[in-house]
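Per the UniProt record's numbering, the sequence shown starts with residue 1, numbered consecutively.
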Amino acid sequence: MSKKPRNFSSDPNRPSFLEELYQGRFRWDLIRDFPVQDVQDRAEGDRLVEQLNVLLRERIDPTAVDRDRQLPEGFLAELATRGYFRLQADRSVGGHELSHYNTFRVVVAAASWSTPVALSIAIENALGASAFLSVVPEGPLRELLRAHVARGGLSASADSEPQGAANQRRATTATRVETAEAYLLNGQKVFVGHAPVAELVSVSATVRDNGQERVQMFFVRTDSPGVTAGQWHEYMGIKGFPNGWLNFDNVLVPADQMFVERASEHQVRVTPETAKMVARGRLHLIAAPSLAIAKLCVQWARDFVLRREVDGRKLADYQEIQQQLAESLAQTFAIETMSQWCLLPDDQGRQINQRFEQNASKNVSSLLCWDVVDRTMSLLAAEGYETAHSKQQRGAPPVPVERFMRDARNLRISGGVDFQIDNWIARMSILSYYYPEPDHADELAKNEPGRRDFDGAVLTDRNLGHLRWVADEVHRFGATCLELARRNADRASLQENERTLILLTGIARELLVMSLTLARASKMASTGDHSGQDLADVYCVSAGHRIADLRRRLSADAPTHVPSLNAAWLSGTTLDHLTYDAATGSRR
């Protein structure tokens with residue numbers, strides 16, 4: 001008999017490295033055989049990537065798209081016709097039957113030229129009709145989706161609402177119309193990718209049955225009476241990506257266009273199958289653009305360093321410049337490593353649960369990308385802050401760091417703002433292993449990691465030292481969580497301490513990425529490629545410093561005056577001097 005899942009992401013029948021890490025157990029045996037893409041599968045990905053590169057260079061001027069805030073007329077239709085919006089769908093509906101990782105690679109290629117194009121490809125393949133086609137059972141809804149995908153129709157996924165994306169409940173409602181075998185849909189959705197161009201949209205809505213509420217997904221044609229597509233949202237970056245709001249005013253939706261799923265005892269904001277798709281979809285929507293931007297940045301940094309001097313001394317000879325480049329290279333390696341770990345095991349049929357890592361990938365990739373692009377902006381100095389057009393006007397290389405920095409900032413927000421993602425992970429995953437107290441509590445409480453087995457590790461002495469340190473820190477992480485749980489017998493009281501939860505997730509994230517970079521470096525070295533060793537070493541040294549800082553903050557006493565400080569500010573009774581002389585602030 002299978003064990004009961006501890007949380008929404010756990011699978012008692014499949015182990016997870018990160019799930020074990022959350023419990024203070026370091027499972028080297030789960031990651032030592034780090035996955036490598038199959039040669040034949042990679043060749044198939046190479047073919048699609050090359051075809052897309054040619055198309056983008058022929059049809060897209062990324063600077064013009066950013067300036068004009070729109071893609072060329074008919075370009076999305078061309079992408080649909082060529083099957084880029086159904087990369088993993090069957091060939092019977094015009095798909096390419098790509099693997100998860102090759103789909104990711106296609107999005108990376110697109111993002112390295114134009115982020116808006118990449119997001120259009122990602123939204124369709126991650127959350128569009130073709131993605132749902134893989135999970136919807138036979139019946140009228142599947143036929144609807146199949147017909148839509150086969151004709152190359154555009155689609156969207158509508159979940160966020162004006163009330164805020166963090167709410168568990170959906171304000172959009174679906175009310176049963178018994179006499180019509182249908183539901184009446186009412187509400188508004190915002191930040192909907194492809195809303196201005198979609199013909200079919202999936203909509204999350206609250207359904208009330210027998211006094212209970214549940215969130216269900218409905219598929220709605222955008223030409224249905226009562227559906228209104230609003231103006232495009234205008235963002236700081238990703239100019240040209242079709243994104244807007246949708247209104248639903250008594251929209252009659254046939255009952256067979258509701259995606260009926262199994263019930264889940266674990267409360268989530270979206271339906272169970274959709275939650276799985278979102279977890280993996282974040283790799284395409286967030287990690288792929290993050291990796292593309294990081295790859296661009298290290299290339300731009302190399303070109304800049306090679307052509308610049310300071311008073312006759314080559315920039316590459318300066319120690320700090322070398323350190324900055326090394327950090328960016330190591331972080332780019334880390335983003336790629338995390339992405340491979342999250343997708344390749346599924347492609348290869350390994351019986352490993354990737355859900356926890358997929359949920360963590362959003363912050364891993366977007367935060368590391370932000371570090372790289374911010375560092376590149378500083379390294380290139382005025383040539384970074386200056387727009388590509390301005391550079392071109394004066395004859396400097398028109399490197400678009402400024403544009404991609406604006407695009408990268410979106411990645412820390414899209415899919416959930418970074419600090420809140422960390423809060424959710426701790427609340428819904430990490431704490432679930434300490435309430436009730438775990439069976440191995442006595443082992444954790446001893447604060448003695450015990451014997452470590454790193455069988456098969458092909459690492460330098462420095463990296464082997466990093467591996468030992470990570471294993472010890474994973475045990476220490478479990479002991480810390482246990483101690484916190486014992487000090488807070490009521491789980492709700494610990495959940496109120498959001499800063500603690502965010503710090504815990506930060507520590508776990510750093511330990512995860514250190515572990516994976518070491519595992520990948522070891523796998524590469526076992527095949528004769530030792531290039532990963534130095535990258536892993538640089539990453540682990542910096543990550544170790546970040547963990548030390550997170551631990552110091554975790555053990556420090558929180559300022560007791562924070563609530564009163566906030567109350568005073570929000571009441572408007574004191575502290576107004578902080579806004580004196582600001583155009584919108586108070587006056588003396």
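Cβ coordinates follow ideal geometry from the N, Cα and C atoms, glycine included.
I believe residue i touches residue j by the beta-carbon criterion, under 8 Å. Please report the beta-carbon distance rounded to the nearest angstrom.
i	j	result
L516	W341	5 Å
I321	K362	31 Å between Cβ atoms; not a contact.
D41	S99	5 Å
G94	A150	6 Å
L246	V201	7 Å
K239	R57	Not confirmed; about 19 Å, so no contact.
N125	F75	N125 to F75, Cβ: 17 Å. No contact.
V106	L87	6 Å
F219	L141	6 Å
N53	A111	Their Cβ separation, rounded to whole angstroms, is 12 Å, which puts N53 and A111 out of contact at 8 Å.
V192	A166	Wrong, their Cβ atoms sit about 17 Å apart, outside the cutoff.
A288	A118	7 Å
Between the C-alpha atoms of residue i and residue j, what's the straight-line distance to the nearest angstrom?
i	j	result
T63	R406	13 Å
A122	V197	15 Å
R269	R14	Legend: pLDDT at R269 = 46, less than 50; position of this residue unreliable, value from coordinates given subsequently. Straight-line Cα distance between these residues: approximately 24 Å.
Y235	Q188	19 Å
M338	G152	32 Å
L48	E448	51 Å
M520	R302	Sequence check: residue 520 is Arg here, not Met. Going from the Cα of R520 to the Cα of R302 covers about 24 Å.
L154	R214	28 Å
T173	D33	47 Å
Y318	R403	28 Å
L484	S290	34 Å
F241	E97	25 Å
T228	A182	20 Å
R25	N359	19 Å
L325	V417	28 Å
F104	F132	17 Å
D529	P35	15 Å
Q354	S378	36 Å
P12	R169	28 Å
H233	A275	25 Å
Let me confirm a value: residue i is counted as buried when at least 16 other C-beta atoms fall within 10 Å, else exposed. Which label applies?
i	result
Q267	Because the pLDDT at Q267 is just 47, under 50, the model does not fix this residue reliably, and the point stays unresolved.
S134	exposed
D557	exposed
N423	buried
Y580	exposed
N243	buried
G532	buried
D61	exposed
R552	exposed
T500	buried
N210	exposed
R91	exposed
S224	exposed
P400	buried
E510	buried
A471	buried
N410	buried
N205	For the sequence presented, residue 205 should be read as Ala rather than Asn. With 16 or more other Cβ atoms within 10 Å, it is buried.
Considering only heavy atoms of the ligand SAM, does any lie closer than 8 Å to the CB of residue i?
i	result
N243	Absence of the ligand SAM from the depicted structure is noted, as is the absence of any ligand whatsoever, leaving it without description.
State yes or no: is the beta carbon of residue i nearer than 9 Å to at least one beta carbon in chain C?
i	result
R57	The chain inventory of the structure shown lacks chain C, comprising one protein chain alone.
Quick check: the region 6-13 against the region 427-442, are at least 3 beta-carbon pairs closer than 8 Å?
The region 427-442, when compared against the region 6-13, does touch it at the 8 Å Cβ threshold.
Curious, which full-length alpha helix (DSSP H) runs of at least 4 residues does the region 221-256 contain?
Runs found: none.
Could you say if the region 322-342 and the region 138-151 meet the contact criterion of at least three C-beta pairs nearer than 8 Å?
They do not touch, by the three-pair rule.
Can we say the region 285-295 touches the region 503-521, given the rule of at least three CB pairs closer than 8 Å?
Because the criterion of three Cβ pairs below 8 Å is not met, the region 285-295 and the region 503-521 do not touch.
Do the region 485-494 and the region 565-573 meet, that is, are 3 or more Cβ pairs less than 8 Å apart?
With the rule of 3 Cβ pairs closer than 8 Å, the region 485-494 does not count as touching the region 565-573.
At 4 residues or longer, what runs of the alpha helix (DSSP H) sit wholly inside the region 68-116?
Counting whole runs of 4 or more residues, the region 68-116 contains the alpha helix (DSSP H) stretches 75-81 and 100-111.
Alpha helix (DSSP H) runs contained entirely in the region 348-436, provided each spans 4 or more residues
Listed in chain order, they are 355-380, 382-385, 388-393, 401-411 and 418-428.
Which parts of the region 106-167 are runs of the beta strand (DSSP E), unbroken and 3 residues or longer, counting only runs that do not cross its ends?
Counting only runs of 3+ residues, the beta strand (DSSP E) found wholly inside the region 106-167 occupies 155-158, in chain order.
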